[in-house]
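Residue numbers (the numbering used here): 2 to 587. Glycine included, each C-beta is placed from N, C-alpha and C at the ideal position.
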Amino acid sequence: MKKQIEQLVMTALQQLAAKGVIPQAAVSRPKIERTRDSKHGDFATNAAMVLAKAARTNPRELAQLLLDELPTTDLLDHCDIAGPGFINFTLTSTAYHRLIPAILNLNHRYGRSDLGNGKRVQVEFVSANPTGPLHVGHGRGAAYGSVVADLLEAVGFEVHREYYVNDAGRQMDILATSIWLRYLELCDETLTFPANGYRGDYVWDIAATLHRDHGEAYKQDVTSVFEGVAEDEPDGGDKEAHIDGLIERAKQLLGDNRYRFVFELGLNIILDDIRDDLSLFGVNYDEWYSERSLTESGAVNQAIERLRNNNQLYEKEGALWFRSTDFGDEKDRVVVRDNGQTTYFASDIAYHMDKLERGFDRVIDVWGADHHGYIPRVKAALTALGDDPSRLDVLLVQFAILYRGGEKLQMSTRSGQFVTLRELRKEVGADAARFFYVMRKCEQHMDFDLDLAKSQSSDNPVYYVQYAHARICSVFQQAAEQQIPFEDDPSAVDYGRLSEPHEQALLTSLAKYPETVESSALSEEPHQLTHYLRELANDFHTYYNTHKFLVEDSALRDARLQLILATRQVLRNGLNLLGVSAPEKM
RNA sequence: GCCCUCGUAGCUCAGCAGGAUAGAGCAAUCGCCUCCUAAGCGAUAGGUCACAGGUUCGACUCCUGUCGAGGGCACCA
């Protein structure tokens, strides 16, 4: 609807330009907005106010000239000039009535568009280190990323969903070593677990698997493990040096193959768990991209070479540095350490280079807010490599703070004290969790109230929307049980019978759906859709409470039933985009 | 110290590229089920949009500064 008005105004503007009223250069896509107040009609434009200066006339006069040039259409009931020079458009009721069969014919396609023109977009999200189960902080990124991906797909982009697996690096070595130490404990060895090791129960579980399947094949004498290793922090030493020493010792004592085996065992079990967890949360990927594969394929070295050839690297204190300050970063960054190992940043340069080279028109990274300082250096690297950094957009997701019984819950992966995404799902359900996560703007710090998400009451917005859907289903259930007939061809119904204000309100909301999806998708703001669905559900509940649908008057009944069928379709489409179920019964 | 994000009703948040009288939901008070699911609906009350300047016809929205909250400033990943 909005598009149609936009075209009408555009035509009028071109006419005005042709007549020399306004300069040709001033003609641009007019801004058409929904009015806030229905007294001002359905849509409004400020075009006359914007162009008044260029036309050397006052806004209200220009508005009149514009209206004179507006093509005739059965879409518009009337237009008027208001306030300082707004033009208000009021649609005809037929324009709205035509919407019902249109929605029902389009079915699940109502709200989808081809705006994206099949452009390829990659969305990378979650990408948590596989050193433990996902926690509720990752949940927000998961819900947000997957809804953004689905929204972009709905408006016609070709979307590629990807998880970057950090399967290399020190954190993974710490995990492998933690598993091995727990294994030794299961072999009845006594030891002091390192302060910096991973202490979660899942580490015990993996160690138990190793012990069960391989007995004592990986056992070593504990004194040989700890002897000569730097003191741990509680003993007055450095916890980093201590854990690094233990990693070295593990590699030494187990040998390459056996160490590798423990490492892989941990990685695979945890990754399988993450995959399973996300899938149950309704989050699926096209690709799990391994960090290690970048090193193995030589991509990391290639990226470093390319930077070197572009004269962006220099050596200092035995390490190789990238001149990221030349591209706006606050300090230069190391890509190869003095021990010859490439840094995580080097992998990330290679990864982002690879992303752009895979031919995506746009690359979106969904990161936790704690990574924001990382953006300038990645963009710097892309610029230095001669790529276009504007093709990369980083969306930052703020932390979610969990509350239970009004108390803030603390969490930390290392200490093993956290609420996992799995626990959250079990406690509040995937539907409520997803809806809650996505209800807030991503850059907004979020308070996640567990009690509220769990409550099956009016306080809970998820149930509110789902309930509207179930209620509509129930009406048709009733019609079937009472054998009340109704016309099932939406185009054979007289919608002129829909004259109640509640019906008009509902129709207006239904018409807004495509605009909402488009705007949500383009601004990467799923919360717009959740708010919309709440309003739509509210329009329906209000209507439901004041009017009966299964009335005697069959023509009126037909019109009302088709209207709520269209409503059900939109609720369903919207919930589906959020990855939330639309139950028939509640 | 520097950088990023945020600061709207008692609480949690909307306010879409500046536009016509600031919006919801909780919580509070008062109403509505012999009637298609009361997980619902209606009504009342509640706000110098953190503060101070600036930009203009017009600022919650843009710019600068102050204050406050969170996060980031590794040869960790």
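Identity of the residue in the options nearest residue i by Cα
i, options, result
"Ala300", "Trp181, His353, Val156, Gly283", "His353"
"Glu526", "Val398, Pro502, Glu186, Arg57", "Val398"
"Val137", "Thr517, Ala401, Glu488, Val552", "Ala401"
"Ala196", "Glu241, Pro85, Leu187, Val124", "Glu241"
"Ala144", "Ser114, Tyr438, Lys54, Ala103", "Tyr438"
"Trp322", "Ile101, Gln303, Thr344", "Thr344"
"Arg423", "Asn461, Ala522, Phe282", "Phe282"
"Arg498", "Gly84, Thr95, Leu9", "Thr95"
"Met11", "Val149, Thr46, Ile365", "Thr46"
"Ile565", "Leu453, Lys549, Pro24, Glu331", "Lys549"
"Tyr404", "Val420, Ala471, Leu396", "Val420"
"Gly157", "Glu519, Tyr533, Ser582", "Glu519"
"Leu451", "Ala434, Tyr464, Met440", "Ala434"
"Gly119", "Leu396, Arg363, Asp371, Ala18", "Arg363"
"Val476", "Glu249, Asn302, Gln563, Gln123", "Gln563"
"Glu70", "Val494, Trp368, Ala49, Arg121", "Ala49"
"Ile88", "Gly117, Val51, Val28", "Val51"
"Leu268", "Glu217, Ala129, Pro377", "Ala129"
"Lys356", "Thr93, Gln5, Glu163", "Glu163"
"Glu125", "Pro102, Ala18, Val284, Glu306", "Val284"
"Ser298", "Glu265, Gln505, Ala351", "Ala351"
"Asn167", "Ser291, Ile104, Leu576", "Ser291"
"Thr326", "Gln313, Asp489, Val337", "Gln313"
"Arg110", "Tyr545, Tyr514, Gly216", "Tyr514"
Local Cβ density within 10 Å of residue i, reported as buried at 16 or more and exposed below that
i, result
"Arg558", "buried"
"Glu444", "exposed"
"Ser132", "For the record, residue 132 in the displayed sequence is Thr; it is not Ser. Classification of Thr132: buried, given that the 10 Å Cβ count is 16 or more."
"Leu152", "buried"
"Thr414", "Low per-residue confidence applies at Thr414: pLDDT is 49, beneath 50, and the placement is therefore not dependable enough to give any value."
"Leu578", "buried"
"Lys317", "exposed"
"Met2", "buried"
"Thr73", "exposed"
"Pro26", "The question names Pro, but residue 26 in the sequence shown is Ala. Exposed."
"Gly112", "buried"
"Met587", "exposed"
"Gln479", "exposed"
"Ala64", "buried"
"Tyr533", "buried"
"Lys441", "Per the sequence shown, residue 441 should be read as Arg rather than Lys. Buried: at least 16 other Cβ atoms inside 10 Å."
"Ala481", "exposed"
"Val494", "buried"
Per DSSP, the bridge partner or partners of residue i
i, result
"Asn89", "Ala45, Asp81"
"Tyr165", "Tyr290"
"Leu396", "Val367"
"Met440", "The partner list for Met440 (beta bridge, DSSP) is empty, contrary to what the question assumes."
"Asp389", "DSSP lists no partner for Asp389."
"His136", "Thr421"
"Ile402", "Asp448"
> Does the count of Cβ pairs from the region 524-541 and the region 503-512 closer than 8 Å reach three?
Replying inline: yes
> Going along the chain, which unbroken runs of the beta strand (DSSP E) with 3 or more residues stay wholly within the region 315-387?
Replying inline: 320-323, 334-337, 363-369
>> Quick check for students: name the residue ranges of the beta strand (DSSP E) that lie wholly in the region 13-41, counting only runs of 3 or more.
In response: 33-35
>> Quick check: the region 267-287 against the region 231-250, are at least 3 beta-carbon pairs closer than 8 Å?
In response: no
> Which runs of the beta strand (DSSP E) fall wholly inside the region 154-230 and span at least 3 residues, in chain order?
Replying inline: 159-166
>> Taking contact to mean 3 or more Cβ pairs, one atom from each stretch, closer than 8 Å, check whether the region 378-397 and the region 329-346 are in contact.
In response: yes
>> Quick check: the region 28-44 against the region 53-64, are at least 3 beta-carbon pairs closer than 8 Å?
In response: no
> So does the region 248-256 actually touch the region 198-211, counting three or more Cβ pairs closer than 8 Å?
Replying inline: no
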